[in-house]
Amino acid sequence: MTPLSLTLSGMSCAGCEQRIANVLGRLDGVGSVQADHRERTVRLDYDPSVVTPETISARLAGAGYAPIQVAAR
Ligand SMILES: [Cu+2]
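The opening position of the sequence shown corresponds to residue 586 in this note's numbering, with each subsequent residue numbered one higher.
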């Protein structure tokens, strides 16, 4: 698994954390997800042979959380 860290817009409460965990939990190739609305960050692990950071970003943007910054960590 490869680590990925994203900073998101529109993330303002614990409900956002839950929504993001649900959205990413339905994506094949995404492992553990940690969302923190105070930092507006999501840290996760993904399998690069199954899913790309672009797909993860697009899924988050579609749910209303546009990535501002995407970084390996
Ligand atoms: Cu919220």
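Backbone N, C-alpha and C fix where the C-beta goes; we use that ideal spot for every residue, glycine too. None of the values given here were measured: they were computed from a predicted structure.
*Quick one, what's near ligand 1 if you take every residue whose CB is closer than 6 Å to any heavy atom, in chain order?*
Ser597, Cys598, Gly600 and Cys601
*Please name the residue, chosen from Gly647, Gly649, Ala648 and Thr626, that lies closest to Leu589 on a Cα-to-Cα basis.*
Thr626
*Which residue from Val635, Ala646, Ala599 and Gly649 puts its Cα closest to that of Ala620?*
Ala599
*If you count every other CB in all the chains shown that lies within 10 Å of the CB of Met596, and 16 or more means buried, which is it?*
buried
_Helix, strand or coil for Ser642? Go by DSSP, reduced to three states._
helix
_Enclosing alpha helix (DSSP H) for Arg604 [first to last residue]_ = Ala599 to Gly610
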